[in-house]
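Residue numbers (my numbering): 27 to 515. The structure under discussion appears below in the form of structure tokens.
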Ligand code: SF4
Ligand code: SF4
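Spelled out as structure tokens, the structure:
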């Protein structure tokens, strides 16, 4: 009888990183695992090629006792960092969320009109999702549709006690009269239903007149301002239809809002392009000179042939600046001081909560967009697109269509993403960007994989350092509900 061959072990898809002088693993199930010296040596040995337990012992026993190596290997198998060769790529089960999945966030497009004509805006350029339904959309949502949307939101929220209502455009404040109907109505319905509703409104800031500010303050509405920073950068793309820059009009109003609105966070949301990529300068201007306490950046989403699209070299520039700000954030967090760089805070929160995404974002799952006519879409960026419709505010979510969408877009269908260590936090990325770049929402956004992985690595290191130097800082993320749409753009 032939002797049974001892199984060989190999590493699975994982990411190793160092922080505060210690070695860690980030696993595909989003767990973070601190490595002791024997486990580290075992991984060093297994990474180039699979080895048997005996090989591990023979190679490492002179340095560590057999018991420590045995225990180290068992632990690495237990946490799914290594596996016997024949089980090296086990399927992560394709779990489709239970139905009906409750709505957590409704993004309501109260208008598709805007008083600005930002050159990179997805709403007006070639990036607009066009199909049969476009063109039929009213320019402004009516008060009736707004109230029906609120009813839809509470109905589809199911057992959720808290719902998030994000007011969006076009320029949202162009339809202030309907906001003045929808927000008090939502508040009243929430009281009647024993729920809580959180409001967030996105605006370009140019229409923040005194009565609009009064309304936002009185109704406790969190505000996100789309702004690109110092005058020369803001006025490169964020222009009126006449071509005139918007900085001089928006900035005094934004400062007045920041002065008067103290109960809810006012965040700045910056769009980065190949021509406006001085992250440091934008950040300093918006925090130190204007007074924002939260500033988040996002690269422009566009087809690659646009001149302002960020390509490889631009991503490196962006990453270097993000890294500097992330390290500054870390130094503040170690001393429990506030720092305004929202990108790192949001990612740290996801890491801390062990977020492992099956979908690139909440669109079509817990988040839906509502178009001006009450059509329900994947998200606000697909509002008005028949191909991406998910029902209507009067008929509710089309659950059959939603189930089919969720099945088709699950990360297990994305070959490149299945084996990627960054999948827990990325899962293929934004559907709108995929549609713009590759012509289908099903495609993973492979053009930014390097950037995503490097940025995730930066955040993991910051996380590891905070876990060692000030774990209490990270504890603040526990129990916090993330509003996916507060970063709607
Ligand atoms: S898009 Fe790229 S970085 Fe994101 S999960 Fe897929 S392969 Fe990984
Ligand atoms: S990430 Fe993309 S698809 Fe998801 S909500 Fe935002 S714009 Fe829509």
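No residue lacks a Cβ here, since even glycine has one placed at the ideal position from N, Cα and C. Model, not experiment: these values are computed from the prediction.
Annotation for residue 167: no beta strand (DSSP E) segment contains it, and DSSP assigns it neither H nor E.
Here the residues close to ligand 2, judged by CB distance below 5 Å to any of its heavy atoms, are 387, 389, 405, 407, 456, 457, 458 in chain order. Taking all protein chains shown into account, residue 188 has fewer than 16 neighbouring C-beta atoms within 10 Å of its C-beta and is therefore exposed. If you draw a straight line from the Cα of residue 293 to the Cα of residue 89, it comes to about 53 Å. With a beta-carbon spacing of about 11 Å, residue 227 and residue 287 fall beyond the 8 Å limit used to define contacts.
Minimum Cα-Cα distance from residue 78 among the listed residues 57, 59, 36 corresponds to 36.
Per DSSP, reduced to three states, the secondary structure at residue 59 is strand. Per DSSP, reduced to three states, the secondary structure at residue 180 is helical. For the segment 304–392, the continuous alpha helix (DSSP H) assignments of 4+ residues that do not extend past its boundaries occur at 305–310, 338–360, 368–378, in sequence order. Distances taken from the Cβ of residue 470 to the heavy atoms of ligand 1 include one shorter than 6 Å. Using a 10 angstroms sphere on the CB of residue 401, the tally of other CB atoms reaches 16 or more, which defines it as buried. By the CB criterion at 7 Å, residue 386 and residue 453 fall inside the cutoff. By the Cβ neighbour-count rule, residue 217 is exposed, with fewer than 16 other Cβ atoms within 10 Å of its own. Note on geometry: alpha-carbon atoms of residue 394 and residue 215 lie some 19 Å from one another. The beta carbon of residue 483 sits no closer than 6 Å to any heavy atom of ligand 1. For residue 145, the CB stays at least 6 Å from every heavy atom of ligand 1. Listed as beta-bridge partners of residue 133 by DSSP are 192, 395.
Nearest to residue 180 by C-alpha distance, out of 131, 253, 140, is 131. DSSP, reduced to helix, strand and coil, places residue 226 within a strand of the structure shown.
Residue 65 is classed as buried because its beta carbon has at least 16 other beta carbons within 10 Å across all chains shown.
Looking from the CA of residue 33, the closest CA among 398, 112, 105, 87 belongs to 112. Relative to the non-hydrogen atoms of ligand 1, the Cβ of residue 449 comes within a distance shorter than 6 Å of at least one. Boundaries of the beta strand (DSSP E) harbouring residue 41: 40–45, taken from the DSSP string. Apart from sequence neighbours up to five positions away, the residues of its chain that approach residue 76 with a beta-carbon distance below 7 Å are 34, 35, 36, 111, ordered along the chain. Residue 36 is bridged by DSSP to 109. Residue 124 sits exposed, since fewer than 16 C-beta atoms from the chains shown fall within 10 Å of its C-beta. Between residue 231 and residue 312, the gap from beta carbon to beta carbon reaches 7 Å or more. Distances from the CA of residue 185 to each of 126, 119, 201 were compared; the closest alpha carbon is that of 126.
Distance from the CA of residue 303 to the CA of residue 356, rounded to the nearest whole angstrom, comes to 22 Å.
Boundaries for residue 437: no alpha helix (DSSP H) harbours it, and the DSSP string shows neither H nor E there. Residue 403 is bridged by DSSP to 395, 415. In this structure, ligand 1 has a non-hydrogen atom nearer than 6 Å to the beta-carbon of residue 442.
The shortest C-alpha to C-alpha distance from residue 207 to any of 245, 91, 424, 368 is the one to 245. Boundaries of the beta strand (DSSP E) harbouring residue 49: 48–53, taken from the DSSP string. At a cut-off of 6 Å, the beta-carbon of residue 452 counts as near ligand 1: some heavy atom of the ligand is closer than that. For residue 453, no alpha helix (DSSP H) run applies, since DSSP gives it neither H nor E.
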